[in-house]
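Engineer: Offset between the sequence shown (1-based) and the working numbering: plus 267. Pasting a structure here, questions to come.
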Amino acid sequence: MYQIRVKGHLDQQHWSNWLEGLTITHLENGETLLSGSLTDQAALYGVLHKLENQNVPLIEVRRVSPDEMPPSQ
């Protein structure tokens, strides 16, 4: 399970197909939290590469346990 924080609010319709099924949550501070399970390190690097190619500023990447994940919406 991973949490990836980026600067700005990502458009959910545009990004949901690109982000390997990660949940997109807009935070009140203007950031977006991407969270969920990725199959392996290659999938993680794939998501990070897509964000980089679109010039999305990366703030943080964390590997977390399932109980640290935000509730599903």
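No residue lacks a Cβ here, since even glycine has one placed at the ideal position from N, Cα and C. Since the structure is predicted, the reported quantities are computational estimates derived from the model, not experimental observations.
Hey, Leu289 and Val314: beta-carbon distance below 9 Å or not?
Structural biologist: Translated into the one-based positions of the sequence shown, residue 289 becomes position 22. Translated into the one-based positions of the sequence shown, residue 314 becomes position 47. Yes. Within cutoff.
Engineer: Measure the CB-CB distance between Val273 and Leu325 and report whether it falls below 9 Å.
Structural biologist: Here the question's residue 273 lines up with position 6 in the sequence shown. Here the question's residue 325 lines up with position 58 in the sequence shown. Contact: yes.
Engineer: Name the DSSP bridge partner or partners of Gln270?
Structural biologist: Residue numbering aside, residue 270 sits at position 3 when the sequence shown is read from its first letter. DSSP output for Gln270 lists Ser302, Arg329 as bridge partner(s).
Engineer: Take the Cβ of Gln340 as the centre, count every other Cβ of all protein chains shown within 10 Å, and call the residue buried at 16 or more, exposed below.
Structural biologist: Counted from its first residue, the sequence shown places residue 340 at position 73. Caution applies to Gln340, whose pLDDT of 45 falls short of 50 and renders its modelled position unreliable; the value that the coordinates give is listed next. Counting Cβ neighbours within 10 Å, Gln340 comes out exposed, since fewer than 16 surround it.
Engineer: Compute the beta-carbon to beta-carbon distance between Ile271 and Val331, rounded to the nearest angstrom, for a pair I have assumed lies under 8 Å.
Structural biologist: As a first step, residue 271 is located in the sequence shown; it is residue number 4 there, counting from the start. As a first step, residue 331 is located in the sequence shown; it is residue number 64 there, counting from the start. With a Cβ gap of about 11 Å, Ile271 and Val331 do not count as contacting.
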